[in-house]
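Engineer: Structure incoming, see below.
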């Protein structure tokens, strides 16, 4: 504490102390605000970005399912090659990438190499899902539906055979082949492919025996187109675990636990940051409280000590023997110091007056003694005169 502080006016001391406390209070408020702003500026965006990643994956899955349900059997899709579900799927993939990059570029995330590895794994699997689903869509276009693609060519081959092979014994074989074909498309079981192969072999032998060479080529064309459709469907995947479907299904299933891990890691970062902010705020408030307490003690002593000394002096003068030689010590130049100075001056004046009164009283007493002596002498003279 600077000694000159004692010389300040009481009003200045109180005002400056109040200003200091206000500044410290504002610093604490600013620290709290900075902590909350930092939380809102870093951790909260990470949580929102991770939520957007999860939402994008869910929407992509929905678009995927909607595509298979509504577009894979929609002739307009095979005619135009356009789909709102595909557009939405691609848009959500862009959103996913954007938010994944936002998470990855965070400084806190960069410090955690394990977390960075998981984010990279999400990017890789999301791309596998995206790319292989779109490849599946291309294969579905290639496979076709009704009059489009490989299925359309298969239908043409079937109609050519039906128009050129009309004998009842051949129609039985044709119906057997069509039944094996329908069973395959219904169940996606390869045993029906083998069954169709057997029916076609028998059919060819029957046609060869009858000399239907042209019909044999039509039958071979039909069988060839059917096999082309089967090959395409194998590439797509006859179930969720095979082909392109198996690749992107495995990729998308690995995304959910990774996204959950990142969410938990970000929540842990948030809780740690909140704990740090709470410690800073509590510590700052404790420091502010201690400083306020110290200021109150200092100010109270600076103000009350001189007042107490003055009161004590006045009490001694009033209740004691009235010793006016005592003086108040003057340690400051504030209002109380001035009060002490003026009080000392006041007692000094009284002391001078008392001294003057005492001096005059002594003079008067001496004069009275001389007067008494003179009076006594005069009385003696008068008494002598009266005797004569």
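Numbering (this note's numbering), first residue to last: 59 to 446.
Each residue gets a CB set at the ideal place from its N, CA and C atoms; glycine is no exception.
Being a predicted model, the structure only gives us computed values, none of them experimental.
1) Residue 78 to residue 161, Cα distance in whole Å?
2) How far does the alpha helix (DSSP H) with residue 275 in it reach, from first residue to last?
3) Within its chain, find whatever has a CB closer than 7 Å to the CB of residue 346; leave out the 5 residues flanking it on each side and keep chain order.
4) Using three-state DSSP, classify residue 203 as helix, strand or coil.
5) Can you tell me the Cα-Cα spacing of residue 318 and residue 141, whole angstroms?
6) I believe residue 335 touches residue 93 by the beta-carbon criterion, under 8 Å. Please report the beta-carbon distance rounded to the nearest angstrom.
7) Report the CB separation of residue 302 from residue 197 in whole angstroms; it is logged as a contact under 8 Å.
8) Please report the residue range of the alpha helix (DSSP H) in which residue 246 lies.
9) Assuming residue 327 and residue 101 make a contact with CB atoms under 8 Å, what is their CB distance in whole Å?
10) Mind checking residue 108: buried by the 16 CB within 10 Å criterion, or exposed?
11) Which one of 236, 227 and 265 has the shortest CA to CA distance from residue 217?
12) Are the Cβ atoms of residue 284 and residue 239 separated by less than 8 Å?
13) Given residue 290, which residues of its chain have a CB within under 7 Å of its CB, disregarding the five upstream and five downstream residues?
14) Counting only runs of 4+ residues fully inside the segment 141 to 214, write out the alpha helix (DSSP H) ranges in chain order.
15) Applying the criterion that 16 or more other CB atoms from any shown protein chain within 10 Å of the CB defines a buried residue, is residue 273 buried or exposed?
16) What separation, rounded to the nearest whole angstrom, lies between the Cα atoms of residue 192 and residue 176?
17) Residue 323 to residue 356, Cα distance in whole Å?
18) Decide yes or no for the touch test of the segment 145 to 156 against the segment 110 to 118: beta carbon pairs closer than 8 Å, at least 3 of them.
19) Would you tell me roughly how many angstroms separate the C-alpha atoms of residue 75 and residue 168, rounded to the nearest one?
20) Tell me whether residue 132 sits in a helix, a strand or coil according to DSSP, three-state version.
21) Between the Cα of residue 72 and those of 413, 361, 422 and 411, spot the shortest distance and give me the residue it belongs to.
22) Buried or exposed for residue 205, going by 16 or more other Cβ atoms inside 10 Å?
23) List the whole-angstrom C-beta distance separating residue 118 from residue 147, where the pair is believed to meet the contact cut-off of C-beta under 8 Å.
24) Please classify residue 225: does DSSP put it in a helix, a strand, or coil?
25) Just the C-alpha distance for residue 98 and residue 163, rounded to the nearest angstrom, thanks.
26) May I ask you to report which of helix, strand or coil DSSP gives residue 304?
27) Can the beta-carbon of residue 242 be found less than 8 Å from the beta-carbon of residue 230?
28) In whole angstroms, what separates the C-alpha of residue 300 from that of residue 311?
29) The alpha helix (DSSP H) spanning residue 299 covers which residue range?
30) Considering just the uninterrupted stretch of the alpha helix (DSSP H) at residue 112, what are its terminal residues?
31) In three-state DSSP terms, what is residue 139?
32) Out of 260, 271 and 295, point me to the one whose CA is closest to residue 247's CA.
33) Just to confirm, is the Cβ distance from residue 180 to residue 351 under 8 Å?
34) To the nearest angstrom, how far is the alpha carbon of residue 145 from that of residue 187?
Structural biologist: So, to answer that:
1) Taking the first residue of the chain shown as position 1, residue 78 is located at position 20. Taking the first residue of the chain shown as position 1, residue 161 is located at position 103. Their backbone Cα atoms lie some 42 Å apart in a straight line.
2) Within the chain shown, numbered from 1, the residue matching residue 275 stands at position 217. Run containing residue 275: 271 to 294, per the alpha helix (DSSP H) assignment.
3) Numbered from 1 along the chain shown, position 288 holds the residue referred to as residue 346. Excluding residues within five positions, the ones whose Cβ falls inside 7 Å are 82, 83 and 86.
4) By one-based count along the chain shown, residue 203 stands at place 145. In the structure shown, residue 203 sits in coil (DSSP, three-state: anything other than H, G, I, E or B).
5) Within the chain shown, numbered from 1, the residue matching residue 318 stands at position 260. Within the chain shown, numbered from 1, the residue matching residue 141 stands at position 83. C-alpha separation (whole angstroms): 31 Å.
6) Residue 335 sits at position 277 when you count from the first residue of the chain shown. Residue 93 sits at position 35 when you count from the first residue of the chain shown. Yes, they are in contact, since the Cβ atoms of residue 335 and residue 93 sit about 4 Å apart, within 8 Å.
7) The residue given as residue 302 occupies position 244 in the chain shown. The residue given as residue 197 occupies position 139 in the chain shown. 7 Å between Cβ atoms; contact.
8) Indexing the chain shown from 1 puts residue 246 at position 188. Premise fails: residue 246 is in no alpha helix (DSSP H) and is neither H nor E.
9) As a working note, residue 327 is residue 269 in the chain shown. As a working note, residue 101 is residue 43 in the chain shown. Yes, residue 327 and residue 101 are in contact; Cβ-Cβ is about 6 Å, under 8 Å.
10) The residue labelled residue 108 in the question sits at position 50 within the chain shown. Counting Cβ neighbours within 10 Å, residue 108 comes out buried, since at least 16 surround it.
11) Residue 217 sits at position 159 when you count from the first residue of the chain shown. When only C-alpha atoms are compared, the closest one is 236.
12) For the purposes of this step, residue 284 is taken as the residue at position 226 of the chain shown. For the purposes of this step, residue 239 is taken as the residue at position 181 of the chain shown. Closer than 8 Å, so yes.
13) By 1-based counting over the chain shown, the position of residue 290 is 232. Same-chain partners within the cutoff: 197, 200, 201 and 208.
14) 142 to 162, 165 to 168 and 171 to 201
15) Within the chain shown, the letter at position 215 stands for residue 273. Burial call: buried.
16) Position 134 of the chain shown, counting from 1, holds the residue named residue 192. Position 118 of the chain shown, counting from 1, holds the residue named residue 176. Distance between the alpha carbons of residue 192 and residue 176: 24 Å.
17) Position 265 of the chain shown, counted from the start, is the residue given in the question as residue 323. Position 298 of the chain shown, counted from the start, is the residue given in the question as residue 356. If you take the alpha carbons of residue 323 and residue 356, they lie about 49 Å apart.
18) yes
19) By 1-based counting over the chain shown, the position of residue 75 is 17. By 1-based counting over the chain shown, the position of residue 168 is 110. Computed Cα separation, rounded: 45 Å.
20) In the chain shown, the residue the question calls residue 132 occupies position 74. Coil, per DSSP.
21) Taking the first residue of the chain shown as position 1, residue 72 is located at position 14. It is 361 whose Cα lies nearest to the Cα of residue 72.
22) Counting from one through the chain shown, the residue named residue 205 turns up at place 147. That one is exposed.
23) Residue 118 sits at position 60 when you count from the first residue of the chain shown. Residue 147 sits at position 89 when you count from the first residue of the chain shown. Indeed they touch by this definition, with Cβ atoms about 5 Å apart.
24) Within the chain shown, the letter at position 167 stands for residue 225. Of the three classes helix, strand and coil, the one that applies to residue 225 here is coil, per DSSP.
25) Position 40 of the chain shown, counting from 1, holds the residue named residue 98. Position 105 of the chain shown, counting from 1, holds the residue named residue 163. Distance between the alpha carbons of residue 98 and residue 163: 16 Å.
26) Locating residue 304 in the chain shown gives position 246, where the first residue counts as 1. Correct three-state label for residue 304: helix.
27) Locating residue 242 in the chain shown gives position 184, where the first residue counts as 1. Locating residue 230 in the chain shown gives position 172, where the first residue counts as 1. No. Outside cutoff.
28) Sequence index remark: in the chain shown, residue 300 carries index 242 (1-based). Sequence index remark: in the chain shown, residue 311 carries index 253 (1-based). Rounded to the nearest angstrom, the two C-alpha atoms are 14 Å apart.
29) In the chain shown, counting from the first residue as 1, residue 299 sits at position 241. Looking at the DSSP string, residue 299 is not in any alpha helix (DSSP H), and its letter there is neither H nor E.
30) As a working note, residue 112 is residue 54 in the chain shown. Where residue 112 is concerned, the enclosing alpha helix (DSSP H) stretches over 102 to 124.
31) Counting from one through the chain shown, the residue named residue 139 turns up at place 81. In this structure, residue 139 counts as coil in the three-state DSSP scheme.
32) Taking the chain shown and counting its residues from 1, one reaches residue 247 at position 189. It is 295 whose Cα lies nearest to the Cα of residue 247.
33) Taking the chain shown and counting its residues from 1, one reaches residue 180 at position 122. Taking the chain shown and counting its residues from 1, one reaches residue 351 at position 293. No, these two residues do not count as a Cβ contact at 8 Å.
34) What you label residue 145 is simply residue 87 of the chain shown in a count that begins at 1. What you label residue 187 is simply residue 129 of the chain shown in a count that begins at 1. Looking at the two C-alpha atoms, the distance is approximately 15 Å.
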